[in-house]
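S.K.: Please read through the structure below; I'll follow up with questions.
There are 2 protein chains.
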Amino acid sequence: MADYGGNQTAVRIGDRFWSAFRETAAREGIPYQWKALNDAVPDAAPSGCMRNFRIAAGREQGGHAGFVFQDSDAYKWLEGVAFSLRWRPDPALEAVADGAIAEIAAAQQPDGYLDTYYIINGLDKRWTNLKDHHELYCAGHMIEAAVAYYQATGKRVLLDAAIRLAAHIDSVIGPEEGKIHGYPGHPVIEMALMRLYGVTKDPMHLRLAKYFVDERGKSPLFFEEEDRRQNRRNYWADGPHGYAYYQAAQPVREQKDAVGHSVRAMYLYSGMADVARETGDESLKEACRTLWRSTARRRMYVTGAVGSTEYGEAFSFDYDLPSDTVYGETCAAIGLVFFARRMLSLETKGEYADVMERALYNGVLSGMQLDGKRFFYVNPLEVVPEACEKDPHKRHVKPERQKWFGCACCPPNLIRLLASLEDYVCSAAGDALYIHLYAGGEIRADVGGTMALSVETDYPWDGAVRVCVAEAPAGEKTLALRVPGWCRRWSLAVNGEIVTVAPEDGYVSLKRVWRAGDVVELALDMPARYVRSAPKVRENAGRVALTRGPVVYCLEEADNGAALHMVRAGGAPRAETAWRPDLLGGVVAITTAGLREKDDGWGETLYDDRPAPAAEETPLHWIPYYAWANRGVGEMRVWIRE
Amino acid sequence: MADYGGNQTAVRIGDRFWSAFRETAAREGIPYQWKALNDAVPDAAPSGCMRNFRIAAGREQGGHAGFVFQDSDAYKWLEGVAFSLRWRPDPALEAVADGAIAEIAAAQQPDGYLDTYYIINGLDKRWTNLKDHHELYCAGHMIEAAVAYYQATGKRVLLDAAIRLAAHIDSVIGPEEGKIHGYPGHPVIEMALMRLYGVTKDPMHLRLAKYFVDERGKSPLFFEEEDRRQNRRNYWADGPHGYAYYQAAQPVREQKDAVGHSVRAMYLYSGMADVARETGDESLKEACRTLWRSTARRRMYVTGAVGSTEYGEAFSFDYDLPSDTVYGETCAAIGLVFFARRMLSLETKGEYADVMERALYNGVLSGMQLDGKRFFYVNPLEVVPEACEKDPHKRHVKPERQKWFGCACCPPNLIRLLASLEDYVCSAAGDALYIHLYAGGEIRADVGGTMALSVETDYPWDGAVRVCVAEAPAGEKTLALRVPGWCRRWSLAVNGEIVTVAPEDGYVSLKRVWRAGDVVELALDMPARYVRSAPKVRENAGRVALTRGPVVYCLEEADNGAALHMVRAGGAPRAETAWRPDLLGGVVAITTAGLREKDDGWGETLYDDRPAPAAEETPLHWIPYYAWANRGVGEMRVWIRE
């Protein structure tokens, strides 16, 4: 498993909700994406990714195809494969992966360098554009894939290549005289080196990760000097971003706001948290907390999407959360899950798990079509298809998922996250086991001896969670269950007896001597309810969104007709919830008593002093937001007028 | 006066409202703009306009400065001067204008050609880029200035130059073999030639205007062929506009929607209406009506602004009227006034005058600072200064007016409109005099003999209009007064006796034998009231805007604090109106009893299932929209939640 610190845990997920997604991702998504990486999906944007490795290895002729970061698609796919092999052995798939790894390893240079863009286009130019050319980004994803594949299969080919690549980077970049005093334009290598360090315990890997974090944004600014040396102009100089696009306008400990490209931000903050956890650096921990608060308390959508503007795929400013022009890249929501998981490993606070859960069930899952074959890059909260077509400032918003992307970061990212969900369910420290996410299955954790649990739940559709102790070590141990921030009423019972205990930092802790056969039952009350935004969120003033448990709902034209702006909540939800096995792969759908304003009789004038339009009671049919756009093109809306 | 068909009229405006604006425009704006055209305004964007003419005439050395259409700024300025000289004789100003005309005339080529961009950069390239290089646009403004200056002063220097320029164009462009079968990328010459025709009665001038209208958009598309010949790519090909940016995707009689660059659209439709009026072409009249309905009934802001998107400064699609990302160029609102005035000359319907009035008092006037020295290009209906700075898709929206613009179309355009307001007040046809706009002053009109009226009113602040007959011809004549579409209750009296007469097409007609001393009193009830948008306008669902008479109001941070999104109308306006001579040059300010939501105690979370925020009654202090941004930078909002 991935190493986020703490004691060993091992999780098997086997519930209805996640198993379906994960099985789809593994069965459909992984083979589909392998085809995409090899340009075998008809009518999809071409990739050239695997061919680049063969060209770099001298096995094929041709030029480099795609973006400078094209290699990363293969690495993320491999990492997804590795994670899936942990719970879904598949010798045929493993053989394909071994083949891919062989092609990748063949492209690696004798000095350890590995980036097909420069191997093909000329090694003399390598390491001259750390800001925009993603060599460290590709290296980071390569290292992550290598660690995951090693941990899943025990095979070292890619791991050894990763260790050579890290050694090469260490020989080129660092504080020493004669080395480049730089850092990546697109973070990820920080997280990657920390995972590599978890396996190798080589101090160099930790030192290099720490260097990238500490050096970033220091004055004189490396990126500025690099631009000057290469006679380049910073593309972002004219807009509001500047070097903050790269989260490099200041040293990380001086940064107060989540800024710039939102995926880069999430990856950087995640790497910072990894380094802070390992080193215990208090100033870095505090920087992580500051950036967390900026992200989660002032710049995050109700779906866990982040990135309010298409310009730079970036954060904008506090409380600026437009639903219709949002960027909300799938990768950024995934990055927020990374960040949240790492903050949990710094300190077990429910706020982090709440956000992790919010992003997972909404802004992350929405990225994938239910059949695992099409993907969203942008995840809007309000769509009018005509506007996507005719308003140039909404053209990044698509009313339907795409087969593949020239810049294909999101699909493999989503699949590797789904395939590694085990790493997000719980953590253990000292004598305590913390359950963060409620997924049915089994948990084994070291709490000074092995504690084994089975978890039964129909979460997120039902708030009942039954935890059975299968094995417990001697002595008092703590089992801590998260009480989600969205939950107002809940009850807890041990072996059938109600236990009254106040949650602390979002977790209820049961400290006792556990015995096999003990049963803990948590019942989370999960009514459908309307939530509001903080009053400073201009775009949502006077609006509500329907949620139930961790799931955010939306209205679609398919169920409610068009002109969704004329729909109103009309007071308390008075909701009927129903499990609909036939609908969208099986969802709890919700019907509320709402209002629809009528426009009949308004006529042709545009403006008039008429009374408020008559509204008639109408049932509003809500579906989980993540499942929108699976039934053709139409309007969709999360926030409606109250 | 300008010739919009019908009988002769002569108007003198002398009321409190318009005189102030017009005097400011003439006293401050005209000299200021002359300085700007001569690069004598410190810290303002440079123009180079007049210098270009001297360079083209060989009187100075240097390159062409500014845009390809830089010449038009001088022409629009001259036209404004000409109009102002009609009611505000100023020998010193006239001498300056004569000097400018001499410089312009000196640049004209022996063959009649006149465009400094090509004279300076090489005449061999002229007429090769009708689509984007604005030679016909500049020619159009030159002709308009020439006609206006001739009509105001009787001087023919510029008029003769214009006649030579028109002859040159006729020798180069037209249906005949060997001529270019083209038309302007930016219309205006259609209107201009019709005005020239009004003076010269030269059939060629009418024929050429008609040719430009009829040829436009025909297949094979001239612009497409021109692009191909010159190996150019249409800049707008990738977006939703294509050649519709130029209103050239179809023949004008087949166009159903107001599309593309909004100023070009308004100018084209105005020229079409001119040609339709003069030729009586029914199919062209119907095309004008169709495009009018698209503009005024589906694509116009409550302020009379048009152009919903910054991309192409253009129309977008039906009912797409966002307040905060609007373009709403001052020139486009001016163009809408042109269009409306010409539709009135096709058929006297109140709808046209209603829109003309709406644009004039709101989206046009807002373009100028009250001191006449700063100007808006973009006229938003909702501004949050932080968003203008930090949201790249709102950077075209400025929270304060600018000194001058590199592309300085709006300031002189606004001044020439204000200076020619006489031409919009009334029209006469047969035995009838129609009053469209209520401005205090005097009207003389030919209704089969001269009818002379004096008009007393404090419009738009008061709805009482007193019309005194000073002179009347023998026999029955019709005096038709417009009852604005916004007016619900009104009364009419002749010589103190109430007259009951139903308005027809927005006008009440009094047909009788008039005698000097007759007094007609129209009392228009003018309460402050909230208006709504048509239900299809998504952005304004659940919102109201305050209006009083023709004036649209807004809330400013200066009077109401920031966070205006938290303000609500809270039911009927219960308004107090007050004449405030001290405020913004003298306005009727309105205070309504509204609500302000409180955010105290919400805390740091972004989303929660709380009840609607408490709202406390608060007076809302409204000012006329046109006067916003005269007291420093702050939030502004027209539409508020009900």
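Heads up: the protein sequence lines correspond to chains A and B, in order.
Residues in the first sequence are numbered consecutively from 98, following my numbering.
Residues in the second sequence are numbered consecutively from 98, following my numbering.
Ideal Cβ positions, reconstructed from N, Cα and C, are used throughout, including at glycine.
1) Does DSSP put A:Gln499 in a helix, in a strand, or in coil?
2) Compute the Euclidean distance between the alpha carbons of B:Leu717 and B:Ser169, then round it to the nearest angstrom.
3) Please check if any C-beta of chain B sits within less than 8 Å of the C-beta of A:Thr106.
4) Quick one: is A:Pro489 near chain B, going by C-beta distance under 8 Å?
5) Once DSSP output is grouped into helix, strand and coil, what is the label at B:Ile720?
6) Could you name the residues of the region 467-488 of chain B whose beta carbon sits closer than 8 Å to any beta carbon of chain A, in the order they occur along the chain?
7) Give every residue of the same chain whose Cβ lies closer than 6 Å to the Cβ of A:Ile198, excluding the five residues on either side of it in the sequence, and list them in chain order.
8) What are the uninterrupted segments assigned as alpha helix (DSSP H) that are 4 or more residues long and contained completely in the region 213-271 of chain A, given in chain order?
9) Of all the CB atoms in chain B, is at least one closer than 8 Å to the CB of A:Val399?
10) Quick check: the Cα distance between A:Met98 and A:Leu262, rounded to an integer number of angstroms?
11) Which of helix, strand or coil does DSSP assign to B:Met98?
12) Listed in chain order, which residues of the region 299-322 of chain A have Cβ atoms closer than 9 Å to some Cβ of chain B?
13) Quick one: Cα of A:Ile431 to Cα of A:Glu568, how far?
14) Could you list the residues in the region 408-420 of chain A with a C-beta less than 7 Å from some C-beta on chain B, going in chain order?
15) Per DSSP, B:Tyr531 forms a beta bridge with which residues?
16) Which bits of chain A does B:Met663 rub up against, with CB to CB less than 8 Å?
17) Can you tell me which residues form a DSSP beta bridge with B:Tyr332?
18) Between A:Phe118 and A:Ala204, how many whole angstroms is the CB-CB distance? I'm expecting something under 8 Å.
19) By DSSP's criteria, B:Asp705 is part of a beta bridge. Which residues make up the other side?
20) Would you check if the distance between the CB atom of A:Tyr523 and the CB atom of A:Val108 is smaller than 8 Å?
21) Name the DSSP bridge partner or partners of B:Val562?
22) Start and end of the alpha helix (DSSP H) containing A:Cys428?
23) What do you get for B:Gly159, buried or exposed, if any count of 16 or more other CB atoms within 10 angstroms of its CB means buried?
24) Please look up how many angstroms separate the CB atoms of A:Gly560 and A:Ala620, rounded, as I've assumed it's under 8 Å.
25) Consult DSSP for A:Gly731 and reduce its assignment to one of helix, strand or coil.
26) For A:Trp725 and chain B, any beta-carbon pair shorter than 8 Å?
27) Taking all protein chains shown into account, decide if A:Asn510 is buried (16 or more other Cβ within 10 angstroms of its Cβ) or exposed.
28) Does A:Tyr627 get closer than 8 Å to chain B when you measure Cβ to Cβ?
29) Which bits of chain D does B:Trp699 rub up against, with CB to CB less than 7 Å?
30) Taking only three categories from DSSP, how would you classify A:Asp451?
31) How big is the Cα-Cα spacing for B:Tyr280 and A:Ile152?
32) In terms of DSSP beta bridges, what is B:Val296 paired with?
33) Please report the distance separating the alpha-carbon of A:Ser413 from that of A:Val475.
34) My assumption, with CB atoms under 8 Å, is that A:Ala345 sits in contact with A:Arg313. Please give the rounded CB distance.
35) Mind checking the region 681-696 of chain B against chain A and listing, in chain order, the residues whose C-beta falls within less than 7 Å of any C-beta there?
36) What's the call for A:Tyr458, buried or exposed, on a 16-neighbour Cβ count within 10 Å?
M.R.: In short:
1) In the first sequence, the residue the question calls residue 499 of chain A occupies position 402. Strand at A:Gln499.
2) Locating residue 717 of chain B in the second sequence gives position 620, where the first residue counts as 1. Locating residue 169 of chain B in the second sequence gives position 72, where the first residue counts as 1. In a straight line, the C-alpha of B:Leu717 is about 43 Å away from that of B:Ser169.
3) Here residue 106 of chain A refers to the residue found at position 9 of the first sequence. A:Thr106 does not count as touching chain B.
4) Position 392 of the first sequence, counted from the first residue, corresponds to residue 489 of chain A. So yes, A:Pro489 belongs to the interface.
5) Taking the second sequence and counting its residues from 1, the one referred to as residue 720 of chain B is at position 623. Three-state DSSP puts B:Ile720 in a strand.
6) For chain A, the residues of the region 467-488 of chain B that bring a beta carbon within less than 8 Å of one of its beta carbons are Val481, Glu483, Ala484, Glu486, Lys487, Asp488, in chain order.
7) Numbered from its first residue, the first sequence carries residue 198 of chain A at position 101. Once the five neighbours on either side are set aside, the close Cβ partners of A:Ile198 are Val254, Leu255.
8) 213-218, 232-250, 254-269, all fully within the region 213-271 of chain A.
9) Counting from one through the first sequence, the residue named residue 399 of chain A turns up at place 302. Closer than 8 Å: yes.
10) Residue mapping note: residue 98 of chain A aligns to position 1 of the first sequence, counting from 1. Residue mapping note: residue 262 of chain A aligns to position 165 of the first sequence, counting from 1. Reliability fails at A:Met98, whose pLDDT of 46 lies under 50, so the model's placement of it is uncertain and the value that follows must be treated cautiously. Rounded to whole angstroms, A:Met98 to A:Leu262 spans 22 Å at the Cα level.
11) For the purposes of this step, residue 98 of chain B is identified with residue 1 of the second sequence, where counting begins at 1. The pLDDT assigned to B:Met98 is 45, lower than 50, so where the model puts this residue is not dependable, and the model offers no usable value.
12) Taking 9 Å as the cut-off between beta carbons, none of the residues of the region 299-322 of chain A comes near chain B.
13) Mapped onto the first sequence, residue 431 of chain A falls at position 334. Mapped onto the first sequence, residue 568 of chain A falls at position 471. Distance between the alpha carbons of A:Ile431 and A:Glu568: 33 Å.
14) Cβ contacts with chain B come from Tyr408, Ser413, Phe414, Asp417.
15) By 1-based counting over the second sequence, the position of residue 531 of chain B is 434. Partner(s): B:Ser524, B:Ala577.
16) By one-based count along the second sequence, residue 663 of chain B stands at place 566. Residues of chain A whose Cβ lies closer than 8 Å to the Cβ of B:Met663 are, in chain order, Pro632, Ala638.
17) Within the second sequence, residue 332 of chain B is the residue found at index 235, counting from 1. For B:Tyr332, which the question treats as bridged, DSSP gives no partner whatsoever.
18) Residue mapping note: residue 118 of chain A aligns to position 21 of the first sequence, counting from 1. Residue mapping note: residue 204 of chain A aligns to position 107 of the first sequence, counting from 1. That belief does not hold up - the Cβ atoms of A:Phe118 and A:Ala204 are roughly 33 Å apart, past 8 Å.
19) Within the second sequence, numbered from 1, the residue matching residue 705 of chain B stands at position 608. Looking at the DSSP assignment, B:Asp705 forms a beta bridge with A:Arg629.
20) What you label residue 523 of chain A is simply residue 426 of the first sequence in a count that begins at 1. What you label residue 108 of chain A is simply residue 11 of the first sequence in a count that begins at 1. This sequence places Cys at residue 523 of chain A; Tyr is not what is there. Yes, Cβ-Cβ distance for A:Cys523 and A:Val108 is below 8 Å.
21) In the second sequence, counting from the first residue as 1, residue 562 of chain B sits at position 465. The partner list for B:Val562 (beta bridge, DSSP) reads B:Thr554, B:Leu619.
22) Locating residue 428 of chain A in the first sequence gives position 331, counting from the first residue. Looking at the DSSP string, the run of the alpha helix (DSSP H) that includes A:Cys428 is 427-443.
23) The residue given as residue 159 of chain B occupies position 62 in the second sequence. Counting Cβ neighbours within 10 Å, B:Gly159 comes out exposed, since fewer than 16 surround it.
24) Walking along the first sequence from the start, residue 560 of chain A turns up at place 463. Walking along the first sequence from the start, residue 620 of chain A turns up at place 523. Rounded to whole angstroms, the Cβ separation of A:Gly560 and A:Ala620 is 6 Å, and the two are in contact under 8 Å.
25) For the purposes of this step, residue 731 of chain A is identified with residue 634 of the first sequence, where counting begins at 1. Three-state result, A:Gly731: coil.
26) Along the first sequence, one-based indexing puts residue 725 of chain A at 628. With a threshold of 8 Å between beta carbons, A:Trp725 makes no contact with chain B.
27) Residue numbering aside, residue 510 of chain A sits at position 413 when the first sequence is read from its first letter. With 16 or more other Cβ atoms within 10 Å, it is buried.
28) As a first step, residue 627 of chain A is located in the first sequence; it is residue number 530 there, counting from the start. So, interface residue.
29) Given the protein chain composition of this structure (A and B), no chain D is represented.
30) In the first sequence, residue 451 of chain A corresponds to position 354, counting from 1. A:Asp451: helix per DSSP, three-state reduction.
31) Within the second sequence, numbered from 1, the residue matching residue 280 of chain B stands at position 183. Within the first sequence, numbered from 1, the residue matching residue 152 of chain A stands at position 55. Here the alpha carbons of A:Ile152 and B:Tyr280 stand approximately 53 Å from one another.
32) Position 199 of the second sequence, counting from 1, holds the residue named residue 296 of chain B. The beta-bridge partner set that DSSP reports for B:Val296 is empty.
33) In the first sequence, counting from the first residue as 1, residue 413 of chain A sits at position 316. In the first sequence, counting from the first residue as 1, residue 475 of chain A sits at position 378. C-alpha of A:Ser413 to C-alpha of A:Val475: approximately 16 Å in a straight line.
34) Here the question's residue 345 of chain A lines up with position 248 in the first sequence. Here the question's residue 313 of chain A lines up with position 216 in the first sequence. In this structure, A:Ala345 and A:Arg313 form a Cβ contact; the two beta carbons are roughly 6 Å apart against a cut-off of 8 Å.
35) Shown in chain order are the members of the region 681-696 of chain B whose Cβ falls below 7 Å from a Cβ of chain A: Glu694, Asp696.
36) Locating residue 458 of chain A in the first sequence gives position 361, where the first residue counts as 1. It is buried - the Cβ of A:Tyr458 has at least 16 other Cβ atoms within 10 Å.
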